[in-house]
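Numbering of the sequence shown is given in the working numbering, commencing with residue 2 and proceeding in unit increments.
A virtual CB, placed ideally from N, CA and C, is assigned to each residue, including glycine.
Quick caveat, the model's predicted, so the values are computed rather than measured.
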Amino acid sequence: MSWLPVLLAGCVRAPPAPPPTPLSPCDALVAEIGPDALTTPSLRLTPRLPPTPDIPADQVERVAYSEEAGALLFMEERASRKAREQLAPALATDARLSLAWATDADASGVRVYFVGELGEGWGSLYQALYDPAEDRIVEVTPPPGERPDQPTPLPPDVEARYRALLTASLADFELHPEGVVPVVLPLSTARGESWMVYFLSSEAAEDTVQVGGHVAVWVDAEGRQVLEVLEHSAGSDRRPWPTDAWLTLYHDLTPWPLETHVYTSLRTGLPLCVETTAGSWAVVGQEVRFLGSRAPVE
Numbered sequence: 002m003s004w005l006p007v008l009l010a011g012c013v014r015a016p017p018a019p020p021p022t023p024l025s026p027c028d029a030l031v032a033e034i035g036p037d038a039l040t041t042p043s044l045r046l047t048p049r050l051p052p053t054p055d056i057p058a059d060q061v062e063r064v065a066y067s068e069e070a071g072a073l074l075f076m077e078e079r080a081s082r083k084a085r086e087q088l089a090p091a092l093a094t095d096a097r098l099s100l101a102w103a104t105d106a107d108a109s110g111v112r113v114y115f116v117g118e119l120g121e122g123w124g125s126l127y128q129a130l131y132d133p134a135e136d137r138i139v140e141v142t143p144p145p146g147e148r149p150d151q152p153t154p155l156p157p158d159v160e161a162r163y164r165a166l167l168t169a170s171l172a173d174f175e176l177h178p179e180g181v182v183p184v185v186l187p188l189s190t191a192r193g194e195s196w197m198v199y200f201l202s203s204e205a206a207e208d209t210v211q212v213g214g215h216v217a218v219w220v221d222a223e224g225r226q227v228l229e230v231l232e233h234s235a236g237s238d239r240r241p242w243p244t245d246a247w248l249t250l251y252h253d254l255t256p257w258p259l260e261t262h263v264y265t266s267l268r269t270g271l272p273l274c275v276e277t278t279a280g281s282w283a284v285v286g287q288e289v290r291f292l293g294s295r296a297p298v299e
């Protein structure tokens, strides 16, 4: 047997190893802050993120609104859910109560008003006060076991919120098929005061994450006229709970993440990587960070 092939084989160098695949902006960030940045829904779990590229100047105010409104959405949705859970026996047996509510946040917490008719009047039949710091209902009126004798008039601003909710519910849009949670937030614009009514698709089965399906309806200050219907996502789907640290979303309705992205991160306890036409964004709890522009396509 010729020894030449054996000799040549010993002289051939192995091909160089391929370069490592560069980390995506979101993967690089999670590698720096750790995979357990968020694990439980909470307003208090926003970690301090390392410095990232500056948010484009024309989007700074919009991102600030997303952060503030998203935190309010989470807090008020959580308040209404906790109140409904605690008052479930009364709500199920009191035929005089229509299952509708309005929330009002102030320095004491979030007050949830359950609205219904009694006799010839209507108003608040039950109230529950949610304390965000303790993450629980701290006060119920009337006390558990007692039934209201007459409705309590709603404060004027809460009545306007409730009216805005009723008006928005009649607008022309498609609701998430498995239920939504409404939240009404005040909105100040150049056109004056108004209301933004959100219908949040927050219901999801165990071990899944509900993605998209949120709708916002812009209503005038009196709560009587729909000004605009705003789709906050191009679709709606459920995903298996992610096995890695991030939930990656592709969002092409706006160049920046919306308040519903902040709400989703807070509700699920998952950091989000939101890919938009402007680039990559991290949404970690209440904090939105710009990670960099998309590379130009040659």
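Inter-residue spacing [alpha-carbon to alpha-carbon] between residue i and residue j
{"i": "residue 109", "j": "residue 151", "result": "25 Å"}
{"i": "residue 70", "j": "residue 291", "result": "18 Å"}
{"i": "residue 120", "j": "residue 149", "result": "12 Å"}
{"i": "residue 289", "j": "residue 175", "result": "28 Å"}
{"i": "residue 68", "j": "residue 284", "result": "9 Å"}
{"i": "residue 169", "j": "residue 220", "result": "7 Å"}
{"i": "residue 277", "j": "residue 258", "result": "8 Å"}
{"i": "residue 146", "j": "residue 91", "result": "8 Å"}
{"i": "residue 167", "j": "residue 87", "result": "24 Å"}
{"i": "residue 137", "j": "residue 111", "result": "10 Å"}
{"i": "residue 255", "j": "residue 139", "result": "39 Å"}
{"i": "residue 198", "j": "residue 83", "result": "20 Å"}
{"i": "residue 63", "j": "residue 217", "result": "16 Å"}
{"i": "residue 272", "j": "residue 247", "result": "5 Å"}
{"i": "residue 46", "j": "residue 250", "result": "Low local confidence applies: a pLDDT of 44 at residue 46 is under 50, so the model's placement there is unreliable, with the coordinate-based value given in what follows. Between residue 46 and residue 250, the C-alpha separation is close to 21 Å."}
{"i": "residue 133", "j": "residue 85", "result": "16 Å"}
{"i": "residue 232", "j": "residue 275", "result": "17 Å"}
Cβ neighbours of residue i in the same chain (closer than 7 Å, five flanking residues each side left out)
{"i": "residue 159", "result": "103, 105, 114"}
{"i": "residue 77", "result": "104, 106, 111, 184"}
Helix, strand or coil at residue i according to DSSP, with G and I counted as helix
{"i": "residue 75", "result": "helix"}
{"i": "residue 86", "result": "helix"}
{"i": "residue 258", "result": "coil"}
{"i": "residue 135", "result": "coil"}
{"i": "residue 64", "result": "helix"}
{"i": "residue 225", "result": "coil"}
{"i": "residue 189", "result": "strand"}
{"i": "residue 234", "result": "coil"}
{"i": "residue 217", "result": "strand"}
{"i": "residue 268", "result": "helix"}
{"i": "residue 278", "result": "coil"}
{"i": "residue 283", "result": "strand"}
{"i": "residue 29", "result": "helix"}
{"i": "residue 175", "result": "coil"}
{"i": "residue 81", "result": "helix"}
{"i": "residue 155", "result": "coil"}
{"i": "residue 59", "result": "helix"}
{"i": "residue 170", "result": "helix"}
Residue from the options whose Cα sits closest to the Cα of residue i
{"i": "residue 225", "options": "60, 288, 253, 163", "result": "163"}
{"i": "residue 242", "options": "220, 208, 221, 266", "result": "208"}
{"i": "residue 81", "options": "61, 58, 131", "result": "131"}
{"i": "residue 214", "options": "188, 133, 181, 223", "result": "181"}
{"i": "residue 227", "options": "249, 237, 171", "result": "171"}
{"i": "residue 286", "options": "293, 61, 72", "result": "72"}
{"i": "residue 107", "options": "186, 59, 84", "result": "186"}
{"i": "residue 165", "options": "141, 200, 144", "result": "200"}
{"i": "residue 141", "options": "89, 29, 271, 62", "result": "89"}
{"i": "residue 127", "options": "118, 134, 263", "result": "118"}
{"i": "residue 144", "options": "135, 129, 282", "result": "129"}
{"i": "residue 264", "options": "29, 66, 135, 157", "result": "66"}
Cutoff 6 Å; reference residue i; Cβ partners in own chain excluding five residues on either side
{"i": "residue 124", "result": "152, 153, 154, 155"}
{"i": "residue 79", "result": "none"}
{"i": "residue 26", "result": "281, 292, 293"}
Cβ neighbour criterion (16 or more within 10 Å) applied to residue i
{"i": "residue 260", "result": "buried"}
{"i": "residue 9", "result": "In this prediction, residue 9 has a pLDDT of 37, which is less than 50 and means its spatial position is unreliable; nothing more can be read from the coordinates."}
{"i": "residue 122", "result": "exposed"}
{"i": "residue 58", "result": "exposed"}
{"i": "residue 189", "result": "exposed"}
{"i": "residue 94", "result": "exposed"}
{"i": "residue 54", "result": "exposed"}
Cutoff 8 Å; reference residue i; Cβ partners in own chain excluding five residues on either side
{"i": "residue 173", "result": "230"}
{"i": "residue 222", "result": "161, 193, 194, 195, 196"}
{"i": "residue 61", "result": "none"}
{"i": "residue 234", "result": "212, 213, 214, 215, 252, 254, 261"}
Residue-chain proximity (residue i, chain D), Cβ-Cβ < 9 Å
{"i": "residue 105", "result": "Judged by its chain identifiers, the structure shown contains no chain D, having just a single protein chain."}
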